[in-house]
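Trainee:
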Amino acid sequence: MPDDGIPPLNGWSESELDRAFASVAKEVELSARSLNSPEEQEQFRLYWLGRKQGRLKAISDAWLKAAPPQAKKLIGQRFNTLKAEVEQRLERAAASSPGHEFDAETIDITLPGTRRKLGAEHPLIRTWHEIVGIFQRMGYSVGVGPEVETDYYNFESLNFPPGHPARDTQDTLVIAGQERKPLRDRLLMRTHTSPVQIRTMEQQPPPVRIVIPGKVHRNDAADATHSPIFHQVEGLCVDTNITFADLKGTLDHAMKELFGSSVRTRFFPSFFPFTEPSADVQISCPFCAGSGCRKCKHSGWIELLGCGMVDPTVFEFARLKQPAYDPKKISGFAFGMGIDRIAMMKYGIGDIGLLYSGDLRFLEQFA
Amino acid sequence: MRILTDWLRSYLPEFSVSDRQLADDLTLRGIAVEGVFDLGAHGSVFEMDITTNRVDAMNHYGIAREAATIYGLKLLPLDTTLPRAMPASQAFPVAIEEPKLCGRFTGRVLRNASITASRGIVADRFRLLEQKLISHAVDATNYVTLAMGHPTHAFDLDKLEGGIIVRRARKGEKLRTLDGIERTLDSDDLIIADEKKALGLAGVIGGWDTMITPETKNILVEAAWFDPATVRRSSKRHLVHTDASHRFERGADFNAPPVASALVSRIILEAGGHPQGDLVDVAIPDAAARTVHRARITFSLREAQRILGPAEDPQGITSSLAAKILTGLGCGVREHQPAPSSAPLRQDLDPSRAVLGVSSVTAADAAPDGIFEIALPSWRLDLEREIDLIEEIARVYGYNRFRNTLPAFSGSVVELAWAEKEAAIRRTMLALGWNEAISSTFCAAAEAALFAREPGSAVAMGNPLSEEAGMLRSSLLPGMLDMLALNISRDVESAALFEMGTAFSGSPERVEERPALAFGATGNAFDHRDAEFYDLKGTVSEVLGRFEARSLYFDRFPVDSGLMPAWLHPGRSARAVVEGATVGWFGQLHPAEAERRKIRQAVLLGEIWLDRLYRQDLRQPAVRDLSRFQPVRRDFSVLLPDRVLWSGIAASVEALAIPELQSFAPREVLRDPKGRLVPAGQYSLLLGVVFQSHERTLREEEVQAWSQQIVGALEDAGGKMRV
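Protein sequence lines, in the order shown, are assigned to chains A and B.
In terms of the working numbering, the first sequence has 184 at position 161, counting the first letter as 1, and numbering is strictly consecutive.
In terms of the working numbering, the second sequence has 909 at position 671, counting the first letter as 1, and numbering is strictly consecutive.
#1: To which residues does DSSP link Arg405/B through a beta bridge?
#2: Using the beta-carbon count (16 or more within 10 Å), is Asn182/A buried or exposed?
#3: What does Glu653/B reach in chain A if we use C-beta pairs closer than 8 angstroms?
#4: Output needed for Gly636/B: all residues of its chain with C-beta closer than 8 angstroms, excluding positions within five of it in sequence on either side, in chain order.
#5: Flag Trp847/B as yes if its beta-carbon sits less than 8 angstroms from any beta-carbon of chain A, otherwise no.
#6: In the segment 663-686 of chain B, which residues sit with their C-beta less than 9 angstroms from some C-beta in chain A, listed in chain order?
#7: Taking Cβ-Cβ distances shorter than 7 angstroms, what residues in chain A pair up with Asn291/B?
#8: Looking at Leu501/B and Leu316/B, is the spacing between their C-beta atoms short of 8 angstroms?
#9: Mind pulling the chain A residues with CB within less than 9 angstroms of Ser695/B?
#10: Between the segment 287-294 of chain B and the segment 243-252 of chain B, are three or more C-beta pairs nearer than 8 angstroms?
#11: Nearest chain A C-beta to Ala730/B closer than 8 angstroms, yes or no?
#12: Please determine, among Leu627/B, Tyr381/B, Lys434/B, Gly783/B, the residue with the shortest C-alpha to C-alpha distance to Leu367/B.
#13: Counting only runs that start and end within the segment 291-356 of chain B, where is the beta strand (DSSP E) found for 3 or more residues in a row?
#14: Got a sec: is the Cβ-Cβ distance from Cys260/A to anything in chain B below 8 angstroms?
#15: Could you tell me which of Leu688/B, Val841/B, Glu786/B, Ala661/B sits nearest to Ala734/B, measuring between CA atoms?
#16: Going by Cα to Cα distance, which pick from Asp519/B, Asp362/B, Thr307/B is closest to Phe343/B?
#17: Pull up the DSSP beta-bridge partners for Trp847/B, would you.
#18: Mind listing the chain B neighbours of Gln193/A? Cutoff is C-beta to C-beta under 7 angstroms, in chain order.
#19: Report the partner residues of Val171/A according to the DSSP bridge assignment.
#20: State whether the segment 370-384 of chain B contacts the segment 301-313 of chain B, with contact taken as three or more CB pairs (one from each stretch) at a distance under 8 angstroms.
#21: Okay, do the segment 300-314 of chain A and the segment 163-182 of chain A touch, 3+ Cβ pairs below 8 angstroms being the bar?
#22: Grouping DSSP H, G and I as helix and E and B as strand, with all else coil, what is Ser250/A?
#23: Between the segment 318-334 of chain A and chain B, which residues of the former have a C-beta closer than 9 angstroms to a C-beta of the latter?
#24: Report yes or no: is there a C-beta of chain A within less than 8 angstroms of the C-beta of Ala361/B?
#25: Closest by CA to Lys318/A, which one among Phe125/A, Phe297/A, Arg101/A, Gly373/A?
#26: What do you reckon, are the CB atoms on Ala244/A and Thr643/B nearer than 8 angstroms?
#27: Ordered along the chain, which non-local residues of its own chain (more than five positions away) have a Cβ less than 7 angstroms from that of Gly998/B?
#28: List the whole-angstrom C-beta distance separating Pro309/A from Val286/A, where the pair is believed to meet the contact cut-off of C-beta under 8 angstroms.
#29: Does the distance from the CB of Gly511/B to the CB of Ala351/B come in under 8 angstroms?
#30: Counting along the chain, where does the beta strand (DSSP E) carrying Gln920/B start and finish?
#31: Would DSSP call Tyr852/B helix, strand or coil?
#32: What residue range is occupied by the uninterrupted beta strand (DSSP E) comprising Gln220/A?
#33: Taking the C-alpha atoms as reference points, what is the distance between Ser83/A and Asp131/A?
#34: Using DSSP's beta-bridge definition, name the partner residues of Trp463/B.
#35: Please classify Gln839/B as buried or exposed, where buried requires at least 16 neighbouring CB atoms within 10 angstroms.
#36: Under 8 angstroms Cβ-Cβ, which residues of chain A neighbour Ser648/B?
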């Protein structure tokens, strides 16, 4: 047979047809090995399926022309199978490489996504919840107290007697028109959350485990680390056999939860009229692991909270309404920490005024 | 306060620890060294921060005593020997007219003194401490205060007219004090006077007229003990805080005056002169009873262990350790004797303690039952109770030597009733894209009046931080407006903020605190268009939707009710009413208010009164059945006169009571003031309606019939259907 690349056919038996078609199928397979680019796929398509010069058409024309009528059907069936095979290979190749048929719909996926803005929780409230959560997991309930307090709860019942120099350490903002009242009834902005200690004990016999977060005020000049408005979390734990060691263990655990388990605590004697013994607590600097950095003023330690064993005098005041607070039978500890300071430390906030500015450029960073 | 370590060492001959180590050891025991500055050959300066209860440690000798206790070292006594006194024909007259206010007054007369500049150790130490040198007689009093803490005063004796009288000032009496200020005294001021005039404000500051001058020849040295509260009141009244008042108002050592007097006199006499007569010492027995001769208190080791708990060292605090610490601090320690008579005091008089007049005992051996009777040192008025001694023992032993333990707990955990409600509101606001902020608790009087829930209920501050902070905020809105204005002024023209906090109302008698939620938005806070009334209404609906409510509606304030807040735009504001109670108001800031605040863009704001909203329970989601059948949607386009409100249309559609009417909502409202798209005075409404049955597929005819009913309702309302 004249050879224009058409494979020769030796007879019309089914086995001969199978052999001949298998050899063409083999050829298809070989030429389909590299169909990665759209150009290669197009070349493959033209070679096999081209309407005028396509090889399948050429072979079928050549074989069918010469075939006897009874063989035409057999050849036709086999051609259809072979054609389907070619088409499938093309489809598979097109599916695994970018479909150029979607070129018109292709978008620039490097443009920024459309972000629906989330509201940002205030960093102070976030820290507040974090601290409160730690103590809730340790069995503490959450309490509240008024922001406008009486002198009795803010000072007297916490063992700041009238005229005591310790009152000087808490410059107080007072409500107008109090002068004619007895000192104990005069209203002021609470200078700490500690009044809620007495309020809680007046309402509830021991055992007590409570944390009280809240806003407090002092007549302080504002600067980068001081604000006349700030926030504290107060804690109180009273039961039989509560010890100074329990106070240490509790706060050590809380600080590890708050700043990571590698943080260490150390306790220094301090003075608060309503606790005795009283302590200041330092944590090893969580930023430099105690080796000294700017945040801990190169000391490796950061002072974070005040605490102590509840002073018997405070129990005596609570006992006026709840006889169970007998300082000979029960004991307890109290602690207080500044939420602002902890938030500033955790988030690297340099100026406390930002917390109370409402400046969106600052707040948005906490979304 | 600053301390020279060389000075400390002069009282501690056996001391060998480095200055750095000393600083750490003192700090860990509550005598805080805030800074250590190396002076080379002169040791170091410590910058101290002594807590207000430890007035005894606000001087070199007091800190040396702490060091002696910590390290178990010997503390040298203060040298109080004086040159022989010349005889006096009569004792210098001293009269205490106010025995309750002045517990002790000592006077010593020094003759033929010559006033020079300080030399030697006084001058050297003052220079290292950067303390101002005046003259050696004045420096002597300051030096002794730094040395052992007791303030004294030196008078020019020749300026005195007669003896000393300690009395109350007469109201209006004048005194020119050492700082040159002419002061008008009050009858509550205690003064040192002679027979004619006031000489000084007792325990606070001396007088100008009798001060030491270069011409002074004869000196009266005063060393006294004054009532702390009296000194404090005078100091506060006259706004003069001195080293002397700082110490006296915290409780000075009743036994110190003779010692301080001797120390001052020694220094003055180093430049010449001699004492005349003995020390005149008038002491009031009642005051002595309250200070020096306080009753012994019982200390039990078991109580200390009950309060302190276990130490790292299994032995922990023993009775001999407790006794040793208390003795070191100057306490008299003896074993508790149940029978009152048979207790011989094992009194080895320790000269270093005796100097300030308290006899002490060597550390008792372990008392078998760990119970001691403790005599309190005269310089530690802060020690009054057993717990005070327990603190001293824990402090000196070292807080960090106690174990970290966690207590067991038998109680239950209670959540605040409204904590969950507050959390639900905060979550809702955050999810809707509002940013949480916190503003000032205070506001100006005009703001408090403008935004108050009830007129005339704002509460004024007695000592406001500033005029703009003269009132407790009656609402969170003044702060909200300030924050929005601040953002706009910083070119942040789009903002949506909320705050949850307390609003105050009431009177000086009673201040009520109510929780509130404020929100404010301006610019393109939520979308690519300016925030508008409906953004707020949507937020309020979502927030209120967290709560169970049998009824909820929004309305305008009734014109004649007087309830229309002046800060709200009358045409673009609403109140929200839940179960018949107003729970808040919101809308656009009144243009006049915006103008007054120089805000040139629309500001939307509002407040929800959470005290009222919290009366409602949080809504529990309840699931309704989902229909298996296809919904049918129909849109109606209608032209309506402007006077027809959505609430009226909604009411008439609802009145049709079509059970299969699933929902209907305005899908588009179009107005055109120019009258091109829609005639002026009218608006076009596209009403979207969904029908759906739970039982069957809807037939075209019934949908057609319902649609006709809706068209009828729209037309009855004054609408004209558009095709």
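Glycine is no exception: its CB is placed at the ideal position from the N, C-alpha and C atoms.
Mentor: Judging by the given coordinates:
#1: Here residue 405/B is taken as the residue at index 167 of the second sequence, counted from 1. The partner list for Arg405/B (beta bridge, DSSP) reads Ile429/B.
#2: In the first sequence, the residue the question calls residue 182/A occupies position 159. By the 10 Å Cβ count, Asn182/A comes out buried.
#3: Along the second sequence, one-based indexing puts residue 653/B at 415. Neighbours of Glu653/B across chain A, judged by C-beta separation under 8 angstroms: Ser164, Val165.
#4: If you number the second sequence from 1, residue 636/B lands on position 398. Taken in chain order, the residues that qualify are Leu266, Arg267.
#5: In the second sequence, counting from the first residue as 1, residue 847/B sits at position 609. No, Trp847/B lies away from the interface with chain A (no Cβ there is under 8 angstroms from its Cβ).
#6: Arg664, Met667, Leu668, Ala669, Leu670, Gly671, Trp672, Asn673, Glu674, Ala675, Ile676, Ser677, Ser678, Thr679, Phe680
#7: Your numbering for residue 291/B matches position 53 in the second sequence. The answer, in chain order, is Phe294.
#8: Position 78 of the second sequence, counting from 1, holds the residue named residue 316/B. Position 263 of the second sequence, counting from 1, holds the residue named residue 501/B. Yes.
#9: Here residue 695/B is taken as the residue at index 457 of the second sequence, counted from 1. The contacting residues do not exist; Ser695/B stays about 14 angstroms from chain A at best.
#10: no
#11: As a first step, residue 730/B must be located in the second sequence, where it is residue number 492. Going by the sequence as given, residue 730/B is Val instead of Ala. Closer than 8 angstroms to some Cβ of chain A, the Cβ of Val730/B qualifies, so yes.
#12: As a first step, residue 367/B is located in the second sequence; it is residue number 129 there, counting from the start. Taking only the C-alpha atoms, the option nearest Leu367/B is Tyr381/B.
#13: 332-334, 340-349
#14: Walking along the first sequence from the start, residue 260/A turns up at place 237. Yes, its Cβ sits closer than 8 angstroms to a Cβ of chain B.
#15: Taking the second sequence and counting its residues from 1, one reaches residue 734/B at position 496. Of the listed residues, the one whose Cα sits closest to Ala734/B is Val841/B.
#16: Position 105 of the second sequence, counted from the start, is the residue given in the question as residue 343/B. Nearest of Asp519/B, Asp362/B, Thr307/B to Phe343/B, Cα basis: Asp519/B.
#17: What you label residue 847/B is simply residue 609 of the second sequence in a count that begins at 1. BP columns for Trp847/B point to Ala754/B.
#18: Against the first sequence, residue 193/A aligns to sequence position 170. Under the 7 angstroms cutoff, chain B gives no residues; its nearest Cβ is about 11 angstroms from Gln193/A.
#19: Walking along the first sequence from the start, residue 171/A turns up at place 148. Answer by DSSP bridge pairing, in chain order: Met212/A.
#20: Segments in contact, no.
#21: no
#22: Your numbering for residue 250/A matches position 227 in the first sequence. In this structure, Ser250/A counts as coil in the three-state DSSP scheme.
#23: Gly331, Met332, Asp334
#24: To locate residue 361/B, count along the second sequence from 1; it is residue 123. Not closer than 8 angstroms to any Cβ of chain A, the Cβ of Ala361/B fails to qualify, so no.
#25: Translated into positions along the first sequence, residue 318/A becomes position 295. Among Phe125/A, Phe297/A, Arg101/A, Gly373/A, the Cα nearest to that of Lys318/A belongs to Gly373/A.
#26: Within the first sequence, residue 244/A is the residue found at index 221, counting from 1. Within the second sequence, residue 643/B is the residue found at index 405, counting from 1. No.
#27: Nothing in the structure corresponds to residue 998/B, since chain B is present only between 239 and 961.
#28: The sequence position of residue 309/A within the first sequence is 286, counting from 1. The sequence position of residue 286/A within the first sequence is 263, counting from 1. Contact flag correct, Cβ pair sits at about 5 angstroms.
#29: Position 273 of the second sequence, counting from 1, holds the residue named residue 511/B. Position 113 of the second sequence, counting from 1, holds the residue named residue 351/B. Yes. Within cutoff.
#30: In the second sequence, residue 920/B corresponds to position 682, counting from 1. For Gln920/B, the enclosing beta strand (DSSP E) has its first and last residue at 920-929.
#31: Against the second sequence, residue 852/B aligns to sequence position 614. Correct three-state label for Tyr852/B: coil.
#32: Sequence index remark: in the first sequence, residue 220/A carries index 197 (1-based). Run containing Gln220/A: none in the beta strand (DSSP E); it sits in the alpha helix (DSSP H), 218-226.
#33: Position 60 of the first sequence, counted from the first residue, corresponds to residue 83/A. Position 108 of the first sequence, counted from the first residue, corresponds to residue 131/A. Computed Cα separation, rounded: 46 angstroms.
#34: Here residue 463/B refers to the residue found at position 225 when the second sequence is read from its first residue. Trp463/B is bridged to Arg342/B.
#35: The residue given as residue 839/B occupies position 601 in the second sequence. So Gln839/B ends up on the exposed side.
#36: By one-based count along the second sequence, residue 648/B stands at place 410. Ordered by position in chain A, the residues that pass the 8 angstroms Cβ test against Ser648/B are Pro230, Asp262.
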